[in-house]
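Working notes for the structure below.
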Amino acid sequence: MKHLGKSYKKTDSTTILSGKAAYTEDFIPSNALCIKVLRSPHAFAKIVDINIEAALKVPGVEAIYTYKDVPQTRFTLAGQSYPEPSAYDMLILDQVVRYVGDEVALVVAVDERSALKAMPLIKVKYEVYEPVLDMHTAIDHPSIIHAEDDLHYNFPVGGDPKRNIACSYSHVVGDLEAELAKCDYVVEESYFDQATLQSAMETFRTFATIDQFNRLVITSSTQVPFHIRRHVARALGISAAQIRVIKPRIGGGFGSKQTGCTEMFPAFVTWKLKKPSYIVYDRHEANNCSTSRHARDWKIRVGATKDGIIQVIDMVAVSDAGAHGSHALTTFTAGEHKSLPLYNKTKAIRYESNVVYTNHMPGGAFRGYGATEALWPLECAITKLAHTMGVDEIELRLKNLIGVGETAQSFHPGEVLASGLLKEAIQKAKEMSNWDNRPKSWKIDDRHMGGLGVALAFQGSGIANIDSASVEVRMLDDGTYMLFTGSTDMGQGSNTALAQIACETLGCPMDMMVVYEADTDVVPFDPGSYASSTTYVTGTATKLACDELKEKILQEFGRILEVDPSTLSFDGEKVWTEDGSKTMTTKELAPKLVSGPKGHYLSGMATWGSQTSPPPFMVGIAEVKVDLETGKVTPENYYAVVDCGTVVNRNLATVQTEGGVVQGIGMALYEEIRYSSRGVLETNNFMHYKLPTRLDIGNIHVDFVESYEPTGAYGIKSIGEVVINTSCPAIQGAILNATGAEVTTLPMIPERVYKALQNK
Amino acid sequence: MEIMLQVNGVKRKVLIETDEMLLETLRNLGFYSVRCGCDTTNCGLCTVWVDGDPMLSCAYPTFRAVGHEITTLEGVAEEAAHLADCLAEEGADQCGYCTTGMMMSAIALSRKYPNATDEEIKAYLNNNLCRCTGYESHMRGIRKFLGGKTL
Amino acid sequence: MLMFMQVQQPKTVEEAHALMVKQKMAPILAGGCWTRLGNRKWPMVIDLSELGLRYIEEEDTEYRIGAMATQRDVEVYEPFKTFCRGVLPKAVKDILGVQFRSMATMGGSVAAKFGFSDIIPALLALRAEVRLFEAGRMPIEQYLTYGTRDLLLEIIVPKQEVPVAIEALRKSTSDFPYLTGSARLDDQGYSVYIGCRPGKPALATKACQMINENGLGALDEAVTLIQEELSFQSNSHAGAEYRLEMAKNMFKRLVKEVAQWK
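Chains as they are written, first to last, in my numbering: chain A, 701 to 1460; chain B, 2 to 152; chain C, 52 to 313.
As structure tokens, then:
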């Protein structure tokens, strides 16, 4: 391999590390109007009267919009391929407000200070309803969160809005109770995970302008420009051709920007006023008024026979959709496909949840997308089972682990695991952590115990049979190349990875390839970067587009050099004949292709979607220190081995893994979601929502095993999401091993661990 | 109010709101390396130097900056480029949004404590949050940067 | 964020005090660290940055820490690294981070009288005093209940090498503590303060009395008295019961630490 596996620097490093204009806010035109959102103080209410007269008189205020002013077409903001499996249950502004912080009015002014001055002058009279603040009481609650008659599903997802059910899913294979009765060991437990916040460092922000053709141009910090274009087109009732969406460099996404957030407001304002406008969320809004992970309360039963075979996995959850159903179904279903297949010797499985509307901030997409949530109870329960059986928890896992070529009860018919060095990854993680030669629990001093815990995880690579990516690669008139993609580099380095794949295919050096991305006027359709799709799906489209271009280039060389193209060798920069008698560079060729009657401008174009979503695999082993007097858990070391197929860029894959593990540590130990009894999210800033700092995480050790995935290009799978999945259960197991304390609610803050220590 | 502000060695007259914070002033002047991440002094994205000490510009009233030397990443371009290189070689930039603020802390550290241990580096940078990297690659890059400095 | 129309920057403490008295509601700007938290617009704020109160001075019998000295000034002040085994730098070093501590002032930290303060327990154990413009010198313990709008000028720490210990429990390194404490051992015996219950730090009088009279053998019994004399409440950071349990453990650890001081 010439380029794959190399640790190239990210192609945008120089710009983003220099302070040059690169992000959305840096490009806001100076004459753009500022938009501020007046928000609901109530968890559930109807606006019965709204008076904007006094506010409109504030100097500098240009307009104020309420639910009376916006189009009445419902939509979803979930960034998913059409037809979205999320309910169309939103308006730009709705007369009903469904959580504390929901949008009530848009104040548009010449600057922020004028808008802020006007905001308190808007007088709103609410009819306040009893909110639904506990997902366990949501179904058939007297308050119906979505009572509107025009809520629309594109296809049945088991929803029943009149009962506060956003969607529901149940997958049962085999006879659960009969198989459980045959088991020698059955463990049963409840586990709870919170609606954690993605917390990208750059909050949500968007500006909109009108171009010289009277079209709407939206520049936004988004992972899904094409989905945004479609959402805005629907909401405003205009065609996609009237809209251009551009994504500059963005300050992180983690799924939060796979859901529309701020885009609709400047789009609406600018389209209405035909003037540029912008909105920048502050941290409070970003944490309080966007979308989060879904909180789930799990009940799990795992049964095994004494030969160590896991016969039954039964997982039933109640899931909190929050105020809207964005990603409500698919985060849950994705969780099944990325957890249960790990242990495929089962005779019966169940995976089931009602995903209910509540008056909380809506759930959405967060790295791991349901898999993180599902693997939390599953991997904790497997560890518990190993304890109950008195066997090594890795041995138990190995005994039940799916093998290449095998299927699983939770797989789709005909689906098998096509690749994966699962056992090799586990072996490597054991060696890194010295698992076989050390106790899983040890005394550090009179106050502290040490412990080791393990968890396994799958994820997917793209969304099978649904998402497909298109890539165009052109040879420019000087013989260098440009690649056009609608995928979105959000810092993970996907542009760099795609450049490496393109250069690998064409053979040229990296400095001959420029990747241009995420501008809907320019690049071909791509759903965007989510679902761990870009390196696998867009990467494969990249290879195919480059193959096509290479073929065309050789044809042209052959024509001009008057030789059979099949006799030519090509390294991306030049061709030569076997005998060396004829040679020509792309630099010499390209100008000939863009002039004269024989001009033939070359580009390769490919669209590719996969019939499968090959799972990357990860083993995580956590080493923690537990303070017996306080319950405080300190992460000491984390050993991570990932099989993401071919590693495209070693450094970037390593940093993805480190970042995912640490984000998982945050979910495991520090990041708390607390609502007040009135439904106010109290942890809506970084003072109270504690992201892990560099002193909170211990040392992260990363390595890879590289299987070869046959379905896409170059054996590649994915890495973006799988890396967040092991932290919670591995740390839970480490605490359990260290002290015997079993914590079943996230995050595992000292008070919870202390209580578990008392209860053991 | 109109004040005299010295940024990166250049004195200039600036028209500010009385309650304006340095973060807003600097961004208005086009110093895009200075960013807002939290409003609550937790994230460190807005880190600049006041008389050589790293401070949070989101909570530093601009009127107080009169008579003090303000330094942003743009003002230490050479060291910043070197550190940027060390970080990028590790893939430690990722989204880059928090990195410039962290770099201001790291460059201050390199000037004040060039022989800092790993634990001292972490403690010095603890006010700089990062959501992408998991911090390990920062350490690799900064070690390289500090090593290069002492050579 | 804090909004204000006008800022006053007095140049002398007399001027500053007069302004404070005249403008009864005007916020006082010390370090300014949490200025962005509020959501009110004030007609005026009073800025203390030009009063010349940023200093730390060593006298024969005491250290004087100017109200505008920063937490970071205390952290890096050379004599404090060894004074009482570095208790003052230890009291500030876990507060958020270097940038925050370079802005947050000692005066602001004390005058806010936050229950979660890391610094006040240490100052209590050190028998520190404050000097106020109007009321003059006053023990810090007394200052915690002093209600007059007065200008804090400096914190005075007696140069007395006595066994002291402090502790703060946090859920994560950048969080507020959910319990703090300090202990001192001198001729009068043990004094142990427990803070962030979540109320302001207070002396566990009876528990201290028990060990002062009966020795360390009575520690287990002593800590049972804590709940009688100090109130514990639940808030966002910890539950009341847990806080009490943690206070008992912390009391024991702090006492043992000062007892073993050699």
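We put the beta carbon where it would ideally sit given N, CA and C, even for glycine.
First through last residue of the alpha helix (DSSP H) which encompasses residue i
i        : result
V125(C)  : 122-127
H931(A)  : 925-936
S713(A)  : 713-716
Y1432(A) : The sequence as given places Gln at residue 1432(A); Tyr does not occur at that position. Residues 1427-1439.
C1203(A) : 1194-1206
V1361(A) : 1350-1365
Closer than 8 Å to chain B by CB, residue i
i        : result
G166(C)  : no
S899(A)  : yes
L1395(A) : yes
V1361(A) : yes
C84(C)   : yes
F151(C)  : yes
S233(C)  : no
F283(C)  : no
Below-8 Å beta-carbon distance, residue i vs any chain C residue
i        : result
T19(B)   : yes
L57(B)   : yes
T1330(A) : yes
A60(B)   : yes
Under 7 Å by beta carbon: chain B residues contacting residue i
i       : result
Q74(C)  : None at all; the shortest Cβ gap to chain B is about 15 Å.
T224(C) : N127
Cross-chain neighbours of residue i in chain A, by beta carbon under 7 Å
i      : result
D94(B) : K710, S713, I716, L717
CB contact below 8 Å: residue i versus chain A
i       : result
E3(B)   : no
S287(C) : yes
L130(B) : yes
C44(B)  : yes
Y114(B) : no
L139(C) : no
G290(C) : yes
T100(B) : yes
A85(B)  : yes
T151(B) : Below a pLDDT of 50, predicted positions are generally treated as unreliable, and T151(B), at 45, falls in that range; no measurement from the model is reported.
L330(C) : Any question about residue 330(C) goes unanswered here, given that chain C covers just 52 to 313.
E192(C) : no
Local Cβ density within 10 Å of residue i, reported as buried at 16 or more and exposed below that
i        : result
M22(B)   : buried
L230(C)  : buried
K1332(A) : buried
P1113(A) : exposed
N1137(A) : exposed
G1022(A) : buried
A1028(A) : buried
Y644(A)  : Within the shown structure, residues of chain A are numbered from 701 to 1460, placing residue 644(A) beyond reach of any answer.
Min CB distance residue i to chain F below 8 Å
i       : result
Y723(A) : The structure shown contains no chain F; the protein chains it does contain are A, B and C.
Residue range of the unbroken beta strand (DSSP E) whose run includes residue i
i        : result
L916(A)  : 916-920
L1040(A) : Run containing L1040(A): none; DSSP gives neither H nor E here.
Y765(A)  : 761-765
D1226(A) : No beta strand (DSSP E) holds D1226(A); DSSP gives it neither H nor E.
E316(C)  : An answer regarding residue 316(C) cannot be provided, because it is not within the stretch 52 to 313 covered by chain C.
W1308(A) : 1303-1309
Interface partners of residue i on chain B, CB under 9 Å
i       : result
S160(C) : Here the premise fails: no neighbours, minimum Cβ distance about 14 Å.
M56(C)  : T19, D20
Listed by chain order, chain C residues near residue i by CB distance under 7 Å
i      : result
F64(B) : V58
Chain B contact residues for residue i, given Cβ-Cβ distances below 8 Å
i       : result
L147(C) : T42, N43, N127, N128
Inset, instruction - Would you mind listing the alpha helix (DSSP H) stretches within the segment 146-221 of chain C that are 4+ residues and don't spill past its ends, in chain order? - result: 149-152, 157-162, 170-176, 191-194
Legend entry - 3 or more residues per run - each beta strand (DSSP E) lying fully within the segment 1114-1172 of chain A: 1141-1143, 1148-1158
Legend entry - Every unbroken beta strand (DSSP E) inside the segment 790-820 of chain A [3 residues or more]: The beta strand (DSSP E) runs of length 3 or more contained entirely in the segment 790-820 of chain A are, from start to end of the chain, 803-809.
Legend entry - Contiguous alpha helix (DSSP H) assignments of at least 4 residues, all confined to the segment 54-132 of chain B: 78-89, 100-113, 119-125
Legend entry - Continuous alpha helix (DSSP H) assignments of at least 4 residues falling wholly in the segment 853-916 of chain A: 876-882
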